[in-house]
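*Asks:* Numbering-wise, the sequence shown is residues 9 to 152 according to the UniProt record's numbering.
Every residue, glycine too, gets a C-beta built ideally from N, C-alpha and C.
Take this structure, written in structure tokens, and hold onto it; I'll ask about it next.
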Amino acid sequence: TNILVIHGPNLNLLGMREPEIYGHESLQDINRELSRLANKVHAGVVFFQSNAESLLVDRIQQAMTDGTDFIIINPAAYTHTSVAMRDALAAVRIPFIEVHLSNIFSRETFRHHSYFSDMAVGVISGLGSKGYELALEYALMIRR
Ligand code: DQA
């Protein structure tokens, strides 16, 4: 099983960025824990973070041919804007879970809509970094 974890814009600043909302862990901390969990069961996990919408689209497209079985994605601010990333996920037809560190429904109204949720296997929002771990656990549970 090969799992791709995609982190959208500004998530490179995790730990320093509004820690009261997004927590004190860095992106490296989160990725390290996900690697540890995947390694335990001999699954593969790779990570990609970008602040650029086009690079995120390119990476999703690449997943069509690189053996990716499942995607865990936090599109960050692009959650609320990106038809292009939505279309890329629709094109590659790889199942995905949408993760948000914060509960987007308890925040500003503009965060309540996601371009991804209706296509996702499931959505986890508000559980902090634990959300990524639970998404990974699910992906590993249904693995082929
Ligand atoms: C986020 C929520 C988004 O609204 C925001 O733009 C982010 C992070 C989250 O993980 O809580 O950058 O996706």
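For G100, collect the residues of the same chain with a Cβ closer than 7 Å to its Cβ; drop the 5 residues on either side in sequence, then sort them by chain order.
*Replies:* On the sequence shown, residue 100 is found 92 positions in, with the first residue counted as 1. Looking at the sequence shown, residue 100 is not Gly but Val. Answer for V100: I68, Q69, A71, M72, listed in chain order.
*Asks:* Would you give the residue range spanned by the beta strand (DSSP E) that G130 belongs to?
*Replies:* Within the sequence shown, numbered from 1, the residue matching residue 130 stands at position 122. Run containing G130: 130-133, per the beta strand (DSSP E) assignment.
*Asks:* Runs of 3 residues minimum, wholly inside the segment 66-113: which ones carry the beta strand (DSSP E) assignment?
*Replies:* 78-82, 104-108
*Asks:* Whole angstroms is fine: what's the gap from E41's alpha carbon to G136's?
*Replies:* One-based indexing of the sequence shown puts residue 41 at position 33. One-based indexing of the sequence shown puts residue 136 at position 128. For E41 and G136, the distance between alpha carbons rounds to 13 Å.
*Asks:* Using 8 Å as the threshold, is the C-beta distance between V65 and A96 below it?
*Replies:* As a working note, residue 65 is residue 57 in the sequence shown. As a working note, residue 96 is residue 88 in the sequence shown. Contact flag set, yes.
*Asks:* Report all residues for which the CB-ligand distance to some heavy atom of the ligand DQA is below 6 Å; order them along the chain.
*Replies:* N18, N82, A84, A85, T87, H108, L109, S110, I112, R119
*Asks:* Do Y140 and V91 have their beta-carbon atoms positioned less than 8 Å apart in this structure?
*Replies:* Walking along the sequence shown from the start, residue 91 turns up at place 83. Walking along the sequence shown from the start, residue 140 turns up at place 132. Their beta carbons are not under 8 Å apart, which means V91 does not touch Y140 by this criterion.
*Asks:* Counting C-beta neighbours from all protein chains within 10 Å, is the total for Q57 16 or more, i.e. buried, or is it exposed?
*Replies:* One-based indexing of the sequence shown puts residue 57 at position 49. With 16 or more other Cβ atoms within 10 Å, it is buried.
*Asks:* Suppose contacts are defined by Cβ-Cβ distances below 8 Å. Is A85 in contact with G16 by that definition?
*Replies:* Here residue 85 is taken as the residue at index 77 of the sequence shown, counted from 1. Here residue 16 is taken as the residue at index 8 of the sequence shown, counted from 1. Going by C-beta atoms, A85 is nearer than 8 Å to G16.
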